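Participant: There's a structure below that I have some questions on.
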Amino acid sequence: MPSIIRRVQVADEVCRIFYDMKVRKCSTPEEIKKRKKAVIFCLSADKKCIIVEEGKEILVGDVGVTITDPFKHFVGMLPEKDCRYALYDASFETKESRKEELMFFLWAPELAPLKSKMIYASSKDAIKKKFQGMKCSHSLSWLVVFDLPLGDWDPDEMAWPDSSQEEMLV
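For the sequence shown, full-length UniProt numbering assigns the number 1 to the initial residue and increments by one for each residue that follows.
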C-alpha cells in the first residue's frame, strides 16, 4: 500500500522571505517601505512544494497609504475554502515595552477539503524546520481568536495587561 505521506519541499524564495522578515537590518526609508508586513504561502499545483502565493503580500509601505488596517487586510487575503501558511510581522505593546514578533500561521478553515487539511497539516513541519528561530506559531481553523472575531483582533494594537498573557502568543 503506497504511503500518502510525501516529502514536501520548501521553495528557496519562501526561505528568503522568512529571513528578510526575521532579520531587521539598518535600512533606508525606501527599503523599509519594501519590507513585507505579511505574506501567504501555498502548495504548488502538484502539491510537492511550498511556494509564495502570487499577489498575497502586504508591504510596510502600503500600511497607512493603501491599507488602513493591515491585520484585517491580511485576514481578508486568506481563502474561505482552502488552507494556507502565512507569516505576519506583528507589533504590540506589553506593560513593559513595545514588541515585534514574526507570527507563523497554518490556516485550515472548516470549509477546506479534508485532503487539503491533511496535506497542509502533514507538511507544516517542513516549513517550520526552514523557519529557524520562530517563536510564535498558530494553527487557525476559523476567524476567532481569544473569543474575539479575528477581524477585531489586531496584533498591531495589542496591549497586554501583564506579561503572563503575552506568553499565550509564544
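For glycine and all other residues, C-beta sits at the position ideal for the given N, C-alpha and C. If you're wondering where the values come from, they're calculated on a predicted model, not measured in any experiment.
Taking C-beta to C-beta, are residue 61 and residue 22 nearer than 8 Å?
Facilitator: Locating residue 61 in the sequence shown gives position 61, counting from the first residue. Locating residue 22 in the sequence shown gives position 22, counting from the first residue. No, these two residues do not count as a Cβ contact at 8 Å.
Participant: Say whether the stretch 113-125 touches the stretch 68-87, bearing in mind that this needs 3 or more beta-carbon pairs closer than 8 Å, one atom from each stretch.
Facilitator: The stretch 113-125, when compared against the stretch 68-87, does touch it at the 8 Å Cβ threshold.
Participant: CA-CA distance, residue 112 and residue 40?
Facilitator: As a first step, residue 112 is located in the sequence shown; it is residue number 112 there, counting from the start. As a first step, residue 40 is located in the sequence shown; it is residue number 40 there, counting from the start. Taking the straight line from one Cα to the other gives about 16 Å.
Participant: So which of 105, 128, 17, 8 has the shortest CA-CA distance to residue 59?
Facilitator: The sequence position of residue 59 within the sequence shown is 59, counting from 1. Answer by Cα proximity: 17.
Participant: Taking the straight line between their C-alpha atoms, what separation do you get for residue 15 and residue 95?
Facilitator: Within the sequence shown, residue 15 is the residue found at index 15, counting from 1. Within the sequence shown, residue 95 is the residue found at index 95, counting from 1. Answer to the nearest angstrom: the Cα atoms are 33 Å apart.
Participant: By DSSP, does residue 117 sit in helix, in strand, or in coil?
Facilitator: As a first step, residue 117 must be located in the sequence shown, where it is residue number 117. In the structure shown, residue 117 sits in a helix (DSSP, three-state: H, G or I).
Participant: According to the neighbour-count rule (16 or more other Cβ atoms, all chains shown, within 10 Å of its Cβ), is residue 65 buried or exposed?
Facilitator: The sequence position of residue 65 within the sequence shown is 65, counting from 1. Under this definition residue 65 is an exposed residue.
Participant: Considering only DSSP beta bridges, list what residue 85 is partnered with.
Facilitator: Against the sequence shown, residue 85 aligns to sequence position 85. For residue 85, which the question treats as bridged, DSSP gives the partners 41, 106.
Participant: How many angstroms separate the CA atom of residue 30 from the CA atom of residue 115?
Facilitator: Locating residue 30 in the sequence shown gives position 30, counting from the first residue. Locating residue 115 in the sequence shown gives position 115, counting from the first residue. When rounded, the distance between both Cα atoms is 42 Å.
Participant: Spell out the partners DSSP gives residue 52 in its beta bridges.
Facilitator: The residue labelled residue 52 in the question sits at position 52 within the sequence shown. According to DSSP, which records beta bridges pairwise, residue 52 is partnered with 41.
Participant: Quick one: what's got a C-beta closer than 8 Å to residue 32's C-beta in the same chain, skipping five residues either side?
Facilitator: The residue you call residue 32 lines up with position 32 of the sequence shown. Taken in chain order, the residues that qualify are 60, 61.
Participant: Count the other C-beta atoms from every protein chain shown that fall within 10 angstroms of the C-beta of residue 90, then say buried if there are 16 or more, exposed otherwise.
Facilitator: The count along the sequence shown starts at 1 and reaches residue 90 at position 90. That one is buried.
Participant: Is it right to say residue 88 is buried, meaning 16 or more other beta carbons lie within 10 angstroms of its own, or is it exposed?
Facilitator: The residue given as residue 88 occupies position 88 in the sequence shown. Result: buried.
Participant: List the DSSP bridge partners of residue 92.
Facilitator: In the sequence shown, counting from the first residue as 1, residue 92 sits at position 92. In DSSP, residue 92 forms a bridge with 99.
Participant: What did DSSP end up calling residue 27 once you bin it into helix, strand or coil?
Facilitator: Start at 1 with the first residue of the sequence shown, and residue 27 comes out as number 27. Correct three-state label for residue 27: coil.
Participant: Please look up how many angstroms separate the CB atoms of residue 50 and residue 11, rounded, as I've assumed it's under 8 Å.
Facilitator: Mapped onto the sequence shown, residue 50 falls at position 50. Mapped onto the sequence shown, residue 11 falls at position 11. Right, their Cβ atoms sit about 6 Å apart.
Participant: Only counting the same chain, and skipping five residues up and downstream in sequence, which positions put a Cβ closer than 6 Å to that of residue 13?
Facilitator: Position 13 of the sequence shown, counting from 1, holds the residue named residue 13. Closer than 6 Å at Cβ, skipping near neighbours: 52.
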